[in-house]
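S.K.: Starting off with a structure, shown below.
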Amino acid sequence: MRYIMIFIAIIASSLVAFSLFGPKFPPIGPLTPVPIPADNPQTQAKIDFGKQLYFDPRLSGNNKISCATCHLPSLGFSNGQPFAKGGPDLTDEGGRNTPTVYNTAYNKFQFWDGRAATLEEQALGPVQNPVEMHEDLNKLVAELSAIPEYVRQSKEIFGTEITSEVIAKAIAAFERTIISTNCSFDKYMKGDKTAMSESAIRGMKLFNKKARCIVCHNGPNFTDDKFHNLGLPSLDPNKPPDVGRYAVTKNEADMGAFKTPTLRSVVETAPYLRNGFMRTLMEVIEFYDQGGGRDPNKDKEMKRLNLTQQEKQDLEEFMKALTGEPLNITPPALP
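Be aware that the sequence shown starts at 112, since it is given in the working numbering, and climbs by one per residue.
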């Protein structure tokens with residue numbers, strides 16, 4: 112009988128601990144080194160080549176849209192708008208908010224629906240998309256092959272003429288340098304206890320516990336690299352709802368689910384969420400505090416938080432403390 116009582120006490124204490132602290136998630140903390148694929152090692156020459164291509168509007172069908180047109184360094188490598196406009200006449204509007212390039216080097220999946228597995232694969236997606244850069248890859252290779260400086264770089268760096276693979280690998284190499292790091296939070300975690308304000312420190316504790324942000328925004332890059340349905344309302348009732356990850360997996364559980372974005376330098380990347388529905392971080396916090404939207408497929412982790420106004424402000428201050436050091440990337444001279 113005594114052993115039974117001890118066993119019950121152990122189970123009870125475990126349940127109490129679980130209810131107080133919740134399940135374990137990868138801890139937030141400073142970033143690890145950028146992962147580099149074996150078939151595309153980094154070199155400065157390759158990065159410089161990729162930077163030129165990233166800023167070159169000749170990658171688009173109308174020679175007016177570059178990667179940097181929608182992923183501007185001055186706007187957190189996004190574009191500051193709910194949606195981007197592209198296509199042959201720059202009038203076609205995409206259906207999703209432009210994601211930041213910050214820290215995409217760490218992503219296990221690219222795009223909001225995760226349809227690309229690598230930066231190399233992602234790099235060519237917008238080029239071919241009819242509502243984005245609207246270019247044919249064969250035409251693009253021919254156009255860039257008519258530029259002697261690009262041909263020289265391709266041969267010296269990759270040992271080959273310009274190909275779509277060369278373009279993708281060069282752009283990916285540059286994008287792997289777009290890293291948000293050494294923010295106030297990183298400095299705090301490395302021992303500088305003055306790096307964050309008292310409000311931000313309280314916000315960090317809320318992030319890990321009551322606000323439950325860590326459920327999805329965990330690990331050094333503040334993302335679980337998974338897909339969730341937040342119950343976001345449709346902005347246009349006349350259009351069919353965006354099925355998100357379901358379009359890739361055809362799994363009903365993924366209906367309306369989208370990738371968890373990094374929170375690093377999040378203050379720079381407004382507007383927020385996959386449809387650019389919210390202009391400020393406080394709007395996003397209010398949305399989560401209410402338990403998200405009303406979609407019947409909404410993630411079960413979306414629950415009311417009942418945060419006080421001070422707690423919301425503290426949480427906002429913590430997210431501001433995730434702003435990395437400026438990268439100071441300027442457009443290069445193009446050949």
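Note that CB positions come from ideal geometry on N, CA and C, so glycine has one too.
Given the structure is predicted, the values throughout are model-derived calculations rather than measurements.
Report the rounded CA-to-CA distance for residue 189 versus residue 142, giving the unit in angstroms.
M.R.: In the sequence shown, residue 189 corresponds to position 78, counting from 1. In the sequence shown, residue 142 corresponds to position 31, counting from 1. So the alpha carbons of these two residues sit roughly 21 Å apart.
S.K.: Using 8 Å as the threshold, is the segment 405 to 415 in touch with the segment 335 to 349, meaning 3 or more CB pairs across them?
M.R.: Segments in contact, yes.
S.K.: Report buried or exposed for residue 420, applying the criterion of at least 16 other Cβ atoms within 10 angstroms of its Cβ.
M.R.: For the purposes of this step, residue 420 is taken as the residue at position 309 of the sequence shown. Burial call: exposed.
S.K.: Going by beta carbon distance, what residues of the same chain come within less than 6 Å of residue 378, once the five residues before and after it are set aside?
M.R.: Along the sequence shown, one-based indexing puts residue 378 at 267. Closer than 6 Å at Cβ, skipping near neighbours: 431 and 434.
S.K.: Residue 316 to residue 358, Cα distance in whole Å?
M.R.: Position 205 of the sequence shown holds residue 316. Position 247 of the sequence shown holds residue 358. Near 36 Å, if we compare the C-alpha coordinates of residue 358 and residue 316.
S.K.: Which residues mark the beginning and the end of the alpha helix (DSSP H) in which residue 268 is found?
M.R.: For the purposes of this step, residue 268 is taken as residue 157 along the sequence shown, with counting starting at 1. Start and end: 259 to 269.
S.K.: Indicate the three-state DSSP secondary structure (helix, strand or coil) for residue 315 in the structure shown.
M.R.: As a position in the sequence shown, residue 315 is number 204, starting the count at 1. Helix at residue 315.
S.K.: Residue 422 to residue 314, Cα distance in whole Å?
M.R.: Within the sequence shown, the letter at position 311 stands for residue 422. Within the sequence shown, the letter at position 203 stands for residue 314. Going by the C-alpha atoms only, they are around 7 Å apart.
S.K.: My guess is that residue 184 and residue 440 are in contact by the Cβ rule of under 8 Å, so how many angstroms apart are they, rounded?
M.R.: Sequence index remark: in the sequence shown, residue 184 carries index 73 (1-based). Sequence index remark: in the sequence shown, residue 440 carries index 329 (1-based). Between residue 440 and residue 184 the Cβ distance is about 5 Å, and since that is below 8 Å, they are a contact.
S.K.: With 16 other CB atoms within 10 Å as the buried threshold, where does residue 371 fall?
M.R.: Taking the first residue of the sequence shown as position 1, residue 371 is located at position 260. Residue 371 is buried by the Cβ-count criterion.
S.K.: Rounded to whole angstroms, how far is the Cβ of residue 290 from the Cβ of residue 214, which I believe are closer than 8 Å?
M.R.: Numbered from its first residue, the sequence shown carries residue 290 at position 179. Numbered from its first residue, the sequence shown carries residue 214 at position 103. Their Cβ separation, rounded to whole angstroms, is 6 Å, which keeps residue 290 and residue 214 in contact under 8 Å.
S.K.: Which complete beta strand (DSSP E) runs does the segment 294 to 381 hold, if anything under 3 residues is left out?
M.R.: Counting whole runs of 3 or more residues, the segment 294 to 381 contains no beta strand (DSSP E) stretch at all.
S.K.: Taking the beta carbon of residue 415 as the centre, do at least 16 other beta carbons fall within 10 Å, making it buried, or is it exposed?
M.R.: Translated into the one-based positions of the sequence shown, residue 415 becomes position 304. The residue in question, residue 415, is exposed, as its Cβ has fewer than 16 Cβ neighbours within 10 Å.
S.K.: For residue 115, name the three-state secondary structure that DSSP assigns.
M.R.: The count along the sequence shown starts at 1 and reaches residue 115 at position 4. Note on residue 115: pLDDT 41, under 50, position unreliable in the model; the coordinate value appears next. Helix, per DSSP.
S.K.: Give the list of continuous alpha helix (DSSP H) stretches no shorter than 4 residues that lie fully inside the segment 183 to 267.
M.R.: As far as the segment 183 to 267 is concerned, its whole alpha helix (DSSP H) runs of at least 4 residues are 230 to 234, 236 to 239 and 248 to 256.
S.K.: Over what stretch of residues does the alpha helix (DSSP H) that includes residue 389 continue unbroken?
M.R.: Here residue 389 is taken as the residue at index 278 of the sequence shown, counted from 1. Per DSSP, residue 389 belongs to no alpha helix (DSSP H) and is neither H nor E.
S.K.: Can you round the beta-carbon distance between residue 165 and residue 446 to whole angstroms, since I take them to be within the 8 Å contact cut?
M.R.: Residue 165 sits at position 54 when you count from the first residue of the sequence shown. Residue 446 sits at position 335 when you count from the first residue of the sequence shown. The Cβ separation is near 14 Å, so there is no contact.
S.K.: What does DSSP give as the partner residue(s) for residue 165 in the beta ladder?
M.R.: Counting from one through the sequence shown, the residue named residue 165 turns up at place 54. According to DSSP, residue 165 bridges with nothing at all.
S.K.: Could you check if residue 287 is buried or exposed, using at least 16 other CB atoms within 10 Å of its CB as the buried criterion?
M.R.: Within the sequence shown, numbered from 1, the residue matching residue 287 stands at position 176. Residue 287 is buried by the Cβ-count criterion.
S.K.: Please determine, among 285, 399, 312 and 258, the residue with the shortest C-alpha to C-alpha distance to residue 322.
M.R.: By one-based count along the sequence shown, residue 322 stands at place 211. Checked all of 285, 399, 312 and 258; the closest Cα to residue 322 is 399.
S.K.: If I measure Cβ to Cβ from residue 335 and keep anything under 6 Å in the same chain, skipping five residues before and after, which residues do I get?
M.R.: For this step, residue 335 is matched to residue 224 along the sequence shown. Cβ neighbours of residue 335 beyond the five flanking positions: 327, 329 and 371.
S.K.: Assuming the contact rule is C-beta atoms closer than 8 Å, residue 205 and residue 243 should be a hit. Round their C-beta distance to whole Å, please.
M.R.: As a first step, residue 205 is located in the sequence shown; it is residue number 94 there, counting from the start. As a first step, residue 243 is located in the sequence shown; it is residue number 132 there, counting from the start. With a Cβ gap of about 7 Å, residue 205 and residue 243 count as contacting.
S.K.: State yes or no: is the C-beta of residue 201 within less than 8 Å of the C-beta of residue 162?
M.R.: Locating residue 201 in the sequence shown gives position 90, where the first residue counts as 1. Locating residue 162 in the sequence shown gives position 51, where the first residue counts as 1. No, Cβ-Cβ distance for residue 201 and residue 162 is not below 8 Å.
S.K.: If the criterion is Cβ atoms closer than 8 Å, does the pair residue 318 and residue 426 meet it?
M.R.: Within the sequence shown, numbered from 1, the residue matching residue 318 stands at position 207. Within the sequence shown, numbered from 1, the residue matching residue 426 stands at position 315. Yes, the Cβ-Cβ distance between residue 318 and residue 426 is below 8 Å.
S.K.: Assuming residue 311 and residue 158 make a contact with CB atoms under 8 Å, what is their CB distance in whole Å?
M.R.: Counting from 1 along the sequence shown, the entry for residue 311 is found at position 200. Counting from 1 along the sequence shown, the entry for residue 158 is found at position 47. Rounded, the Cβ-Cβ distance is 33 Å, inconsistent with contact.
S.K.: Excluding five sequence neighbours on each side, which residues of the same chain lie with their C-beta closer than 7 Å to the C-beta of residue 428?
M.R.: As a first step, residue 428 must be located in the sequence shown, where it is residue number 317. Same-chain partners within the cutoff: 308, 310, 311 and 314.
S.K.: If you draw a straight line from the alpha carbon of residue 418 to that of residue 396, how long is it in whole angstroms?
M.R.: One-based indexing of the sequence shown puts residue 418 at position 307. One-based indexing of the sequence shown puts residue 396 at position 285. When rounded, the distance between both Cα atoms is 9 Å.
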